[in-house]
Structure formats: C-alpha cells, structure tokens
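**Q** Sharing a structure, written as structure tokens. Questions coming.
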Amino acid sequence: MKPILRVVTLALLFVGSSLPIYAQKKISAEKLPESTDANKKQKTPPELLGNPGPTCTCFVPCPAIDSLQATYVCVEQMPIPPGGNAKAYLNTLAGQVQVPINQSGLEGRVWVYFVVTPTGELTDFKISKGLSPAYNAEAIRVIKAQPAWSPGYQSGQAVRVQILAYVQFRSQ
1 MKPILRVVTL ALLFVGSSLP IYAQKKISAE KLPESTDANK KQKTPPELLG NPGPTCTCFV
61 PCPAIDSLQA TYVCVEQMPI PPGGNAKAYL NTLAGQVQVP INQSGLEGRV WVYFVVTPTG
121 ELTDFKISKG LSPAYNAEAI RVIKAQPAWS PGYQSGQAVR VQILAYVQFR SQ
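Following this line, the structure appears as structure tokens:
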C-alpha cells in the first residue's frame, strides 16, 4: 500500500460548560403559566394541555463519582496542544496523514472525541461522525501519535477534559 499525503485540518471545539460530563439527567420542560390578566383572554394551545412538553438532556454532577475522575468539556484553562497553538499542531498533523490508495477520492471531515488527562495524555478516542473505517482509523491514529498536551485546569487542579476535533481530508 502506497500512502497518499492529504491536506489535513484540525479544529478543536470546546463544547458545553464547566460541569463534569459523567452523569446525565432527563428534565421535562414545565407548562407555561396561565395569564392572570382578566382582560386578556388567551386560549391555551391544545398541545400544551396535558402535555408536559419536550424533554432535554442536561449534564449534572454525580456526587457518587470521584471528582478527580470527572471528565469536563470546558474548564477555566483549556488543554493546550503541542507547539502551543493550533497552527503549529495542524502543520504537524498534516505531514503524518496516510490513507490507502484504494480509499482515495473521499473528501470530508472525521469528527473525533478524545480526553486529555491530567498528565496530558490523550485517551478515550471515539468517532462522532466519520467517512469510512479507513479514514476514521487514520484520523484517530494521527491524533494518537501526537505528543502529550498541556493539561486543562479547573480550580487550580489538572483535570480530565474532553475535546471534539475534526480531521478534514481533501484530494490534492
């Protein structure tokens, strides 16, 4: 298999708030309150009668889990990639991408979640949205092969931080 070099773009998206992402809870939207103004005669839409509304998923802390093992999606000081900035990191990644020739022709982004540990190590790789198994594996391989990051900090302590990144593949 002869490797083909591709143009690679990496975007780091820091999603959410500084709450740990280790527990989820379903929350129902409450019914809208009825108007107390007697002069305004508004009818309540039928879909609000007896229907509690849509549900949404919120991330809430779970007290049973050790806070040192919590994974955050946004912290006071986010992790920093090797080289100190995204541009240097992109240049490093771009030179390391290899895709088998039989997979050439696909273009697009492979979205990857990973966790930066308190020591800066990259772990827990998961594909959020991929192109093909070969491209997905290549995106994870290239990100995994990078040196340790500077860790993220919350309240002065190094913590686990989840990062969402994408590697963009374009034919040259």
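full-length UniProt numbering applies: residue 1 is where the sequence shown begins, and numbers increase by one. Built from N, CA and C at the ideal position, the CB exists for glycine as well. If you're wondering where the values come from, they're calculated on a predicted model, not measured in any experiment.
Take the Cβ of residue 123 as the centre, count every other Cβ of all protein chains shown within 10 Å, and call the residue buried at 16 or more, exposed below.
**A** Exposed.
**Q** What residue ranges within the segment 82-169 form continuous beta strand (DSSP E) runs of no fewer than 3 residues, ordered along the chain?
**A** Entirely contained in the segment 82-169, the beta strand (DSSP E) runs reaching 3 residues are, in chain order, 108-116, 122-129, 152-154.
**Q** Taking 8 Å as the threshold (C-beta atoms), are residue 79 and residue 156 in contact?
**A** No. Outside cutoff.
**Q** Let me confirm a value: residue 133 is counted as buried when at least 16 other C-beta atoms fall within 10 Å, else exposed. Which label applies?
**A** Exposed, since its Cβ has fewer than 16 Cβ neighbours within 10 Å.
**Q** For residue 108, which residues of its own chain have a beta-carbon under 6 Å away from its beta-carbon, when the five flanking residues on both sides are left out?
**A** Taken in chain order, the residues that qualify are 131.
**Q** Between the C-alpha atoms of residue 144 and residue 75, what's the straight-line distance to the nearest angstrom?
**A** Going by the C-alpha atoms only, they are around 22 Å apart.
**Q** Alpha carbon to alpha carbon, what distance is there between residue 85 and residue 158?
**A** Going by the C-alpha atoms only, they are around 19 Å apart.
**Q** To which residues of the same chain is residue 161 closer than 6 Å at the C-beta, ignoring the five residues directly before and after it?
**A** So the qualifying residues of the chain are 72, 75, 79, 116, 152.
**Q** Comparing C-alpha positions only, which one of 128, 91, 99 sits nearest to residue 135?
**A** It is 99.
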